[in-house]
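Have a look at the structure below before the remarks.
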Amino acid sequence: LVHECNVQLALFRNATQGIGTSHDGASLRREVETAGRACLKACEAAKNCVLPQLRHEGVEFTRHASQFIGCVAAYVVEMKRCIANMESMLVTLENLITVHFSTSESSPTDKVTPRRRRATSCRPQCVCSKLKTSYA
Numbered sequence: 001l002v003h004e005c006n007v008q009l010a011l012f013r014n015a016t017q018g019i020g021t022s023h024d025g026a027s028l029r030r031e032v033e034t035a036g037r038a039c040l041k042a043c044e045a046a047k048n049c050v051l052p053q054l055r056h057e058g059v060e061f062t063r064h065a066s067q068f069i070g071c072v073a074a075y076v077v078e079m080k081r082c083i084a085n086m087e088s089m090l091v092t093l094e095n096l097i098t099v100h101f102s103t104s105e106s107s108p109t110d111k112v113t114p115r116r117r118r119a120t121s122c123r124p125q126c127v128c129s130k131l132k133t134s135y136a
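In full-length UniProt numbering, the protein residues as written are 1 to 136.
Encoded structure:
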């Protein structure tokens with residue numbers, strides 16, 4: 001079970017290393033999610049096997065328990081690394097969007113302004129056309 005945890009952790013780590021690179025896409029995100037779930041399931045299975053045996057301490061069990069603890073700790077490190085990569089990517093995207101919209105705004109002279117209606121043909125029901133509106 002500890003070996004299975006290590007295998008799943010390696011697959012998860014391999015998948016997370018592609019986040020934010022040219023290989024990033026929907027399939028990689030599915031792979032990260034699938035590998036993360038598989039690693040979590042493997043750790044849960046190992047935990048369910050390890051916890052009942054805590055009373056039967058032996059050298060072999062202690063070694064496996066230590067390996068399992070190391071594997072779970074490595075899984076947590078990879079999850080934190082994945083979160084850090086995602087947060088960094090999110091900040092970059094937000095900054096790019098902010099810069100895009102702040103530089104792509106047209107000048108006030110380029111904005112379309114509505115034509116004024118003639119006052120002679122205006123009816124009392126059409127008061128809205130005389131209100132000043134902003135299209136900014």
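Backbone N, C-alpha and C fix where the C-beta goes; we use that ideal spot for every residue, glycine too. Since we're looking at a predicted model, the values are computed, not measured.
- request: Would you kindly check if the distance between the Cβ of A65 and the Cβ of L76 is under 8 Å?
  value: For clarity, residue 76 is Val in the given sequence; the question names Leu instead. Taking 8 Å as the Cβ cut-off, V76 and A65 do not qualify as a contacting pair.
query: In or out: N14 buried (at least 16 other Cβ within 10 Å) or exposed?
result: exposed
field: Member of A84, A10 and E94 whose CA lies at the smallest distance from the CA of C39
entry: A10
query: Using a Cβ-Cβ cut-off of 7 Å (strictly less than) and excluding sequence neighbours within five positions of E4, which residues of its own chain qualify?
result: Setting aside the 5 residues that flank it on each side, E4 is surrounded in the same chain by A42, each with a C-beta closer than 7 Å to its C-beta; the list follows chain order.
Neighbourhood of N95 by C-beta distance below 6 Å, restricted to the same chain and skipping five residues each side: No residues qualify anywhere along the chain.
query: By Cβ distance below 7 Å, which residues in the same chain neighbour A46 in space, the five residues on each side in sequence not counted?
result: L1, V2, C5 and F68
- prompt: For the ligand GTP, is there a heavy atom less than 7 Å away from the beta-carbon of Q17?
  reply: For the structure depicted, the ligand GTP is absent and the ligand set is empty, with no information on it obtainable.
query: Under a three-way DSSP split, which group does T21 fall into?
result: coil
- request: Could you spell out the range, first to last residue, of the alpha helix (DSSP H) harbouring L11?
  value: V2 to T16
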